[in-house]
Structures are given as C-alpha cells and as structure tokens.
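Sequential numbering from 1 applies to the sequence shown in full-length UniProt numbering.
Just so it is clear, CB atoms sit at the ideal spot from N, CA and C, and this is done for glycine as well.
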Amino acid sequence: MIEGLEIVRHPRARRARLSIDPASGRARLVLPKRAALKQALAWAEDKAGWIAEQRALLPQPRPFVPGAILTVADEPLTIVWTPGSRRTVVREGSVLSLSGPPETIARRVEAWLKRTALALLETETAEYAAKAKVTVAQVAVGDAKGRWGSCASSGIIRYSWRLILAPSWVRRATVAHEVAHRVHMNHAPVFHALVEQLYGEDPTPARVWLRTHGAGLHWFGRSS
1 MIEGLEIVRH PRARRARLSI DPASGRARLV LPKRAALKQA LAWAEDKAGW
51 IAEQRALLPQ PRPFVPGAIL TVADEPLTIV WTPGSRRTVV REGSVLSLSG
101 PPETIARRVE AWLKRTALAL LETETAEYAA KAKVTVAQVA VGDAKGRWGS
151 CASSGIIRYS WRLILAPSWV RRATVAHEVA HRVHMNHAPV FHALVEQLYG
201 EDPTPARVWL RTHGAGLHWF GRSS
C-alpha cells in the first residue's frame with residue numbers, strides 16, 4: 001500500500017487518475033464511482049516509482065528548530081533557544097528568542113507566527129477596507145490548504161497565517177483581493193478592477209507567485 005494514499009471517488013471521473021498534493025506530499029487516487037478498487041490500487045502500486053520521483057521534487061520540510069531562519073514579513077529571523085524556564089517567544093532584532101521545554105519549540109514558534117500574522121493582517125485589512133469604504137466584521141487566521149483567503153457575506157475575512165512567510169507584496173495583494181469581495185462577491189471584471197485600485201498595481205504577479213511558490217509555505221513547521 002502506498003504511504004499516505006488518499007482515495008477519492010468522483011462522479012465525473014472517467015478513468016483512474018493519480019496526483020501528488022504539493023502542499024502535503026500526499027498521493028491522491030481519483031476513481032470513477034464504479035471503478036474496481038482492487039484493480040485501481042494495483043495500478044497505483046505500479047506507479048510507485050513515479051510517485052517517489054514526484055515527491056522528490058517537492059519542497060523540503062522547514063522545521064521550526066533552533067538555528068532555523070524564517071523570513072517573516074520580509075525580515076529574516078533566526079530561532080534561538082537557550083536553557084531556562086521562559087516559554088514566551090520574544091523577538092529581539094533579527095532573533096526569535098525562547099527558552100522552556102525543547103519539545104515545545106515548534107508549537108510555540110508557530111503560535112507566535114499566527115499571532116504576528118493576525119495582527120499584521122488586521123492592520124492591512126483595515127487599511128484597504130477604509131479605501132474601499134466598507135466594513136469588516138472580523139479578521140481571522142487559519143491553515144487551509146486550498147485557499148489563501150476567504151470573505152464571507154457576514155463580513156468575516158479569513159486568511160492563511162502562512163502569508164506572513166510570503167513576500168509582503170504577495171500578502172498585501174491577497175488582502176486587497178479579499179477586501180474587494182466586501183463590495184463584489186464574485187470575480188467579475190469590476191471586481192478585478194477594484195482589487196487593482198486598492199492594491200495600487202496589477203496583482204497578477206502576486207497570484208503567479210502563490211501558484212508557483214505557495215505550496216512551499218505549507219512545508220514550514222514540518223519535520224518530514
């Protein structure tokens with residue numbers, strides 16, 4: 001059995017299809033609704049070499065460990081752990097300093113990144129909302145694999161906290177995109193025109209960056 005194989009039956013699938021999720025490294029086998037599972041699994045097993053080749057092309061894990069360097073809002077920060085009881089993560093210049101149990105370093109660094117991302121995204125969302133003359137009920141962060149932001153009709157905007165690890169121009173384009181949805185809950189030409197107006201330039205390069213490099217952001221904090 002292929003490690004981490006996800007099996008999905010899709011009503012519109014006409015044949016078995018195998019792919020690798022670049023954000024997680026999981027293999028995904030899509031099957032027609034009535035396809036024979038045993039035969040499909042045997043076919044997938046024959047593709048084990050191809051799966052290994054594709055996984056070898058994926059980004060490398062970037063665990064949150066002492067000595068790791070993270071680019072946070074365009075600034076490189078080095079994780080530094082020293083013996084002691086202080087559990088709080090503190091930014092000191094270009095250093096993320098912490099003590100406490102070594103086994104909780106990754107969890108605490110991720111929590112700090114989420115807090116930092118939320119604070120920055122709240123500020124930038126308020127900035128663009130003022131330009132668009134709209135209100136935003138709440139800004140939240142999560143870790144969705146399939147999208148970098150979403151805007152609900154209730155006025156709640158959610159972002160991936162991992163945008164804090166992307167270049168600032170990419171993050172700000174994403175914020176402008178979601179705020180524009182407070183005016184147009186669609187992707188009509190008038191919506192894209194508003195995004196460009198709020199952002200101040202063509203946001204296409206930011207979308208291209210996320211398509212090209214976005215999956216790599218999901219490998220931060222992973223050890224394998």
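Contact annotation: Ile105 and Leu98 have beta-carbon atoms nearer than 8 Å. Beta bridge pairing from DSSP links Ile79 with Leu96. Ranked by Cα distance from Leu5, the first of Ala44, Ala13, Arg15 and Arg147 is Ala44. Under the three-state reduction of DSSP output, Ala13 falls in the coil class, being neither helix nor strand. With a threshold of 16 other beta carbon atoms within 10 Å, Val139 meets it and is buried. Here DSSP, grouped into helix, strand and coil, assigns Leu18 to strand. Taking the Cβ atoms as the reference, Glu178 lies roughly 4 Å from Gly149, within the contact range of under 8 Å. Ranking Val80, Ala206, Leu70 and Thr174 by CA distance to the CA of Trp219 puts Leu70 first. It is roughly 17 Å from the alpha-carbon of Glu124 to the alpha-carbon of Val183. Assigned with DSSP and collapsed to three states, Gln138 falls in strand. Counting along the chain, Ser168 sits inside the alpha helix (DSSP H) bounded by residues Ser168 to Ala180. In this structure, DSSP gives Phe191 a helical state, which the three-state scheme calls helix. Here DSSP, grouped into helix, strand and coil, assigns Arg211 to helix.
By DSSP's assignment, Tyr159 forms a beta bridge with Val141 and Gly149. One alpha carbon belongs to Thr174, the other to Arg28, and they sit about 28 Å apart. Distance from the CA atom of Val141 to the CA atom of Arg172, rounded to whole angstroms, is 15 Å. Secondary structure of Val109 (DSSP, three-state): helix. Setting aside the 5 residues that flank it on each side, Trp209 is surrounded in the same chain by Ala166, Pro167 and Val170, each with a C-beta closer than 8 Å to its C-beta; the list follows chain order. Spatial neighbours of Val8 in its own chain (CB-CB distance under 8 Å, excluding positions within 5 residues in sequence) are listed in chain order as Arg28, Leu29, Val30 and Leu31. The beta carbon of Tyr128 sits closer than 7 Å to the beta carbons of Val175, Ala176, Val179 and Leu198 from its chain, once the five residues preceding and following it are set aside; these are given in chain order.
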